[in-house]
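First up is the structure itself, then whatever we jot down about it.
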Ligand code: G6P
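Listed below in structure tokens is the structure:
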């Protein structure tokens, strides 16, 4: 989704801004632009990729000592040159970049139009820009900063903004409500960004803004305050992120790199948390809330997208291993229906980015109602990580590919660790089984490696299905969520229509679609449902569907029934998703590459969905 970069200092500003925008490309966007001050205010922007902005800059080199830049993911108004950010005020003196949505932009626009203001674009951002100028020009505020504060108070909705004013050529103003922003502190230079990736190559010192806060940033200094003008002293955080982690390391795409990183990311996620000698699990982030978790009446899991799928796996795990009732909710549905949740409940939110707007809103709703709110996040210091009562980081490292892969497996590993620890504390998990599970967790990285060794086979298989118009994915029990995830991966990056179903439900609809054109991916790797899966495979074959199976090495029956199979090492049923999902990620990846799709930045999708 939209990204912001800002810079003030002695380096080549446009170069820093463009490189920063490139680091933000992974978030998904449709247009890019920048504004610079150097005696005058110059803007270059337009529909398309950062590379085309770079080309424009080569033709029409502009320089400045400070600037703001933006990648836009359209919300109000189609992606075109005019709707791209930055937006200018009527006088041409104020430029704004904005992430988020101004919900009352229509009524503000009417008021501003009645005062003679005219608008170039269809965006809510231009309305905010004009509002700031209107308040400033009419003397309704003591100074420009006051005008910005007054404007922000009139706005309903969410924003992360950066504002520059030609009359104050040494300052960048930023403000945040619901859309992340951070400051990077350099030597005689300051950076601004919507996430840490554009900053990490310049400085490790960052200050995170919270909702309701703003900052006035100059070359050598910054002052953070509330939008009510109360000065704040903020903690300076040290970024743990490394530059290597956000580069491709020789892989053609981030997604492939991230798929292949999974043996390591799963190991990193487990590191220091499992004790094989005592067969115990230590989750530092949950120590203080463990008693309340053990006593909980139920756990509600709220998440979106792939994280919702890992939540579904978690449901099976918590119910089997900890004997705790679980409900899994789409965060967007949970928050809007006055959910019945209270002090005896735990809301567990799962989010790779830690910034997803609906997940954040679900968290706030449950907190208001007194529930204990826990989080599983990948991005350290993200808003969700900061607002939850306690939580566990996945430590999967930065995930840049829009389609989530290593974050999913790390989330499932964290869920497994919580479920085992909880089962032990609640006295419902037999010691022998717990021990077996903990030992097996340690073996998973090697087993994932074994699956990745088959990537060439999967690549060949992908060739045969590259132009299939539809796919059906079937799974049962722990592998039902994997069927959903496999289908989601395929549609996200290859644009092939795909559906995931619990295998038994196939007879209640999808079976009508099966013919010789329809690949059916069957995930048959959980022992206790194997016979039933075999019956489902027979039903598909009887209708000439093409069976691709993901099954255990020794499951000869399923292999014989399949046109193609991908063999995976055996594991405990509850860990099966951690292995079965790997070939499905690769299958989607190779199909998408064959179809010439932009794997890392699929059309219309965003990595971090910060609007509701
Ligand atoms: C977007 C991404 C998905 C992700 C979902 C939830 O749709 O494209 O890959 O699963 O958001 O994101 P989160 O950061 O909350 O896990």
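Numbering (the numbering used here), first residue to last: 59 to 670.
Where a beta carbon is used, it is the ideal one built from N, C-alpha and C, also for glycine.
Just so you know, these numbers come straight off a predicted model, no measurement behind them.
Between residue 537 and residue 635, the C-beta gap is smaller than 8 Å, which places the two residues in contact.
Distance between residue 496 and residue 348, taken at the CA atoms: about 19 Å. Looking at the backbone, the Cα of residue 99 and that of residue 179 are separated by about 19 Å. In this structure residue 241 is in contact with residue 280, their Cβ atoms being roughly 6 Å apart against a cut-off of 8 Å. In the structure shown, residue 536 falls within a helical segment according to DSSP collapsed to helix, strand and coil. Counting along the chain, residue 510 sits inside the alpha helix (DSSP H) bounded by residues 489-510. The nearest non-hydrogen atom of the ligand G6P is less than 7 Å from the C-beta of residue 361. For residue 649, the enclosing alpha helix (DSSP H) stretches over residues 634-652.
Here residue 513 is not bridged, per DSSP, to any residue. Here the alpha carbons of residue 113 and residue 120 stand approximately 12 Å from one another. Of all C-beta pairs linking the segment 508-526 to the segment 487-495, fewer than three are shorter than 8 Å, placing the two stretches out of contact. Put simply, the backbone Cα of residue 144 is about 17 Å away from that of residue 86. Comparing C-alpha distances from residue 396 to each of 426, 362, 295, 383 shows the shortest one belongs to 426.
Taking a contact as a CB-CB distance under 8 Å, the pair residue 358 and residue 377 does not count as one, their CB atoms being some 13 Å apart.
Here residue 505 is buried, its C-beta having at least 16 other C-beta atoms within 10 Å. Inter-segment contact for the segment 625-632 and the segment 443-453 is absent: fewer than three beta-carbon pairs are separated by less than 8 Å. Residues 324, 636 of the same chain have their beta carbon placed closer than 6 Å to that of residue 502, with the five preceding and five following residues left out of the count. The continuous alpha helix (DSSP H) containing residue 327 extends over residues 320-328.
According to the DSSP secondary-structure assignment, residue 155 is paired through a beta bridge with 220.
Comparing alpha-carbon positions, the option among 409, 413, 423 lying closest to residue 472 turns out to be 409. Residue 196 counts as exposed, since fewer than 16 other beta carbons sit within 10 angstroms of its beta carbon. In terms of Cβ geometry, residue 435 and residue 667 do not form a close pair [threshold 8 Å]. Here residue 583 is buried: its Cβ has 16 or more other Cβ atoms, across all protein chains shown, within 10 Å. Bridge partners of residue 289 according to DSSP: 283. Nearest neighbour of residue 523 by Cα position, chosen from 296, 304, 574, 543, turns out to be 574. Here DSSP, grouped into helix, strand and coil, assigns residue 347 to helix. Shown here, residue 398 sits in coil according to DSSP, grouped into three states, outside any helix or strand.
Using a cutoff of 7 Å, the CB of residue 409 counts as near the ligand G6P, since one of the ligand's heavy atoms is closer than that.
The beta carbons of residue 658 and residue 312 sit about 5 Å from each other, so the pair counts as a contact at 8 Å.
Residue state for residue 177 is assigned as coil, using DSSP reduced to three classes. Judged by beta-carbon spacing, residue 158 lies beyond the 8 Å limit of residue 61, meaning their Cβ atoms are not closer than that value. Residue burial is scored here from C-beta neighbours: residue 118 has fewer than 16 other C-beta atoms within 10 angstroms and is therefore classed as exposed.
Under the DSSP definition of a beta bridge, residue 145 partners with 154. Our two residues, residue 152 and residue 210, have alpha carbons roughly 15 Å apart in a direct line. Non-local beta-carbon contacts of residue 262 in its own chain, meaning distances under 6 Å to residues more than five positions away in sequence, involve 296, 297 in chain order. By the CB criterion at 8 Å, residue 571 and residue 530 fall inside the cutoff.
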